[in-house]
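Protein chains: 2
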Amino acid sequence: MIRVRLDIAYDGRDFAGWARQRELRTVQGVLEQMIANLVGAEGEITCAGRTDAGVHARGQVAHVDVIGWPADLDTWRLNRALPEDVRVLAITVVPNEFDARFSALWRRYTYLVSDSPIGPAPLDRGQVLQWGKELNLDAMNSASRMLLGEHDFTAYCKMREGASAVRELIDLRSERVGSDVVITVTADAFCHSMVRSLIGALLPVGDGRKPVTWPFEMLTSGIRGATVMPPYPLVLEEVGYPPDDQLLDRQLQTKQHRVLSEPDA
Amino acid sequence: MIRVRLDIAYDGRDFAGWARQRELRTVQGVLEQMIANLVGAEGEITCAGRTDAGVHARGQVAHVDVIGWPADLDTWRLNRALPEDVRVLAITVVPNEFDARFSALWRRYTYLVSDSPIGPAPLDRGQVLQWGKELNLDAMNSASRMLLGEHDFTAYCKMREGASAVRELIDLRSERVGSDVVITVTADAFCHSMVRSLIGALLPVGDGRKPVTWPFEMLTSGIRGATVMPPYPLVLEEVGYPPDDQLLDRQLQTKQHRVLSEPDA
């Protein structure tokens, strides 16, 4: 068996998320079907970030194990077999120690918000959240800095029973780009709905309805209190991995860390 | 009567172009209806660039004459009355010598093309032309430079009978921005389908099917030979005007120039 890495972009609008679901159109489902047709392997595809319904990707990473990859199956042929709303940007044979999910060092997402009284630019409106009040980015960034580092993010997660919510938030910042506000979120990993809950905590700070300390107080309370913001302005931008000789260590470390921290996190 | 300038952006997808048409949804129709409802005036709106069906705008400019503009009718209230795919970015009371169409010095458009074998990025695909062969931008830019200046662009226009096709092409250049090719076209004015015909002349030069001299030879021949490319990658970006004290001169000059050059251009 060889392991193949796929770098993937998609428009999440017409997908019921990444994860395969019976009877629903999903990114995993579409890609696995394509692999089955072109490679003749019924391999399961594992990704770095299992995006929710409506969430987009410009830099999703996945891996799949196959007996062999046809020599003439390049990105051009592969994309011809795919619908226009999902593209495979690169195909790379990787060491077996590369695990798209467990070898990842970090995931970076962006979230687009317009606080203009005019609303989002017409051509971008499907990918920008309209926020009715002007946002104070200094306040948002002060609130963000208090959340950085390793914490139990239970207050920002839709938890699976018994799972750990300990994550390291590496970067969280808001900046104006053109007429929009871009919020960038980077963490070693995210639990379910964590990005959109963080955004939901920052925006009421930005418009002055909540104090700058509110997101941090929620974090320490462990009680969910932020709105999970809608998915359409969210894009998985990039996933970071260590050099090849550290892929296995990273995998073991990620798995161990999660197991260890599960009971008492 | 006072004259009001409106700066306008729209997503052209669901409009049958700018110009009002019975029974069809047009930008002019939607805006005139809004003005009639909010200002109580049945004024005709005049724009700088009468975009075709499917063409977008980030910087359309228009003017309308009204008896008075309600003091509380700002962009926020005005946009609340408009559908999401058209926005009024600014409302400015201007001198009566300001004519959105005839006072304009230049119009700037952009056209987006992807020559990647992978095709356009999924999130941008509705606004990018997919071109199957790699584009040589040096060749395209050499061909473009030969077209600059004042010429009779009959070969690039769907002509109205008896109208002049003399225009000054101020800028025409192709550059890579991210994974796309952006073609920028600026002229004092454009005749019908001129931008999309120029694009249709440059792309076969870029992929090597036509010589660099082909677009210029077509120009001098006066015979239409380029495909009119599709509208969805085309955006009216900006319109330039002179200072207020030159608005009237410019208007007269534009009108005179067109009349003079009509019979024998």
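As given, the protein sequences belong to chains A and B, one line each in that order.
Counting with the working numbering, you get residues 1 to 265 for the letters of the first sequence.
Counting with the working numbering, you get residues 1001 to 1265 for the letters of the second sequence.
Even glycine gets a Cβ: it sits at the ideal position worked out from N, Cα and C.
This structure is a prediction, so every number in the text was calculated from the model and none was measured.
Does residue i pass the burial test, meaning 16 or more other C-beta atoms within 10 Å, or should it be called exposed?
i                : result
L1247 of chain B : buried
K255 of chain A  : exposed
I35 of chain A   : buried
L1169 of chain B : buried
S1221 of chain B : exposed
N1079 of chain B : buried
K1210 of chain B : buried
Q1021 of chain B : exposed
D115 of chain A  : buried
L252 of chain A  : exposed
V259 of chain A  : Caution applies to V259 of chain A, whose pLDDT of 46 falls short of 50 and renders its modelled position unreliable; the value that the coordinates give is listed next. With fewer than 16 Cβ atoms within 10 Å of its Cβ, V259 of chain A is classed as exposed.
V1177 of chain B : exposed
I1223 of chain B : exposed
V1004 of chain B : buried
P263 of chain A  : Reliability fails at P263 of chain A, whose pLDDT of 40 lies under 50, so the model's placement of it is uncertain and no value is given.
I2 of chain A    : exposed
Checking 9 angstroms against the spacing of the C-beta atoms, do residue i and residue j come in under that value?
i                : j                : result
E1175 of chain B : T1186 of chain B : no
L234 of chain A  : T26 of chain A   : no
E1084 of chain B : R125 of chain A  : yes
V239 of chain A  : A19 of chain A   : no
P215 of chain A  : M159 of chain A  : no
V61 of chain A   : D11 of chain A   : no
R101 of chain A  : A53 of chain A   : no
D180 of chain A  : V113 of chain A  : yes
A1139 of chain B : V1205 of chain B : yes
P1117 of chain B : A9 of chain A    : no
G1225 of chain B : A1165 of chain B : no
If you run the structure through DSSP and keep just helix, strand and coil, what is residue i?
i                : result
V259 of chain A  : Interpretation of V259 of chain A is limited by its pLDDT of 46, a score under 50 that renders its predicted location unreliable; the figure taken from the coordinates is listed afterwards. V259 of chain A falls in the helix class under three-state DSSP.
W1131 of chain B : coil
S1221 of chain B : helix
D264 of chain A  : The predicted model places D264 of chain A with a pLDDT of 36, which falls under 50 and marks its position as unreliable, so this point remains unresolved.
W1069 of chain B : coil
L203 of chain A  : helix
Y1241 of chain B : coil
I1008 of chain B : strand
T110 of chain A  : strand
V1177 of chain B : strand
A16 of chain A   : coil
E32 of chain A   : helix
L172 of chain A  : strand
V55 of chain A   : coil
V212 of chain A  : coil
Q1250 of chain B : According to the sequence shown, residue 1250 of chain B is Arg rather than Gln. Note: R1250 of chain B maps to helix in three-state DSSP.
A1062 of chain B : strand
R1167 of chain B : strand
R1003 of chain B : strand
Hey, could you find the ends of the alpha helix (DSSP H) residue i is sitting in?
i                : result
E1042 of chain B : First-last for E1042 of chain B: undefined, no H or E at that position.
T186 of chain A  : Element bounds for T186 of chain A: not the alpha helix (DSSP H) but the beta strand (DSSP E), D180 to A187.
A143 of chain A  : L137 to R145
W76 of chain A   : T75 to R80
Straight-line CA distance for residue i to residue j?
i                : j                : result
R13 of chain A   : G119 of chain A  : 20 angstroms
L31 of chain A   : W1106 of chain B : 47 angstroms
A1208 of chain B : L1135 of chain B : The identity of residue 1208 of chain B in the sequence shown is Gly, whereas the question assumes Ala. One C-alpha to the other measures close to 8 angstroms.
A1189 of chain B : I199 of chain A  : 45 angstroms
R108 of chain A  : C1157 of chain B : 47 angstroms
V55 of chain A   : C1191 of chain B : 42 angstroms
L1082 of chain B : P95 of chain A   : 55 angstroms
L89 of chain A   : V1064 of chain B : 48 angstroms
R1196 of chain B : P1231 of chain B : 7 angstroms
D1171 of chain B : A1143 of chain B : 12 angstroms
L218 of chain A  : D1072 of chain B : Per the sequence shown, the amino acid found at residue 218 of chain A is Met instead of Leu. Going by the C-alpha atoms only, they are around 41 angstroms apart.
M194 of chain A  : F153 of chain A  : 8 angstroms
R1173 of chain B : G1068 of chain B : 43 angstroms
G1149 of chain B : V1182 of chain B : 21 angstroms
G1017 of chain B : D245 of chain A  : 57 angstroms
E23 of chain A   : P70 of chain A   : 29 angstroms
N1131 of chain B : G1040 of chain B : With the sequence shown as reference, residue 1131 of chain B is identified as Trp, and Asn is not the correct amino acid for it. About 48 angstroms.
A163 of chain A  : D1074 of chain B : 51 angstroms
E1044 of chain B : T1092 of chain B : 17 angstroms
G1038 of chain B : E161 of chain A  : The residue asked about is misnamed: residue 1038 of chain B is Leu in this sequence, not Gly. Roughly 55 angstroms between the two C-alpha positions.
E97 of chain A   : R250 of chain A  : 9 angstroms
Quick one: is the Cβ of residue i within less than 8 angstroms of any heavy atom of the ligand NAP?
i              : result
G68 of chain A : Absent from the structure shown: the ligand NAP. Ligands present: none.
Which residues mark the beginning and the end of the beta strand (DSSP E) in which residue i is found?
i                : result
S193 of chain A  : Segment: none, S193 of chain A is in no beta strand (DSSP E) and carries neither H nor E.
E1150 of chain B : G1149 to D1152
A1104 of chain B : Segment: none, A1104 of chain B is in no beta strand (DSSP E) and carries neither H nor E.
R1022 of chain B : Run containing R1022 of chain B: none; DSSP gives neither H nor E here.
A1226 of chain B : Where A1226 of chain B is concerned, there is no enclosing beta strand (DSSP E), given that its DSSP letter is neither H nor E.
A90 of chain A   : V86 to V94
For residue i, which residues in chain D fall below 7 angstroms Cβ to Cβ?
i                : result
V1086 of chain B : Given the protein chain composition of this structure (A and B), no chain D is represented.
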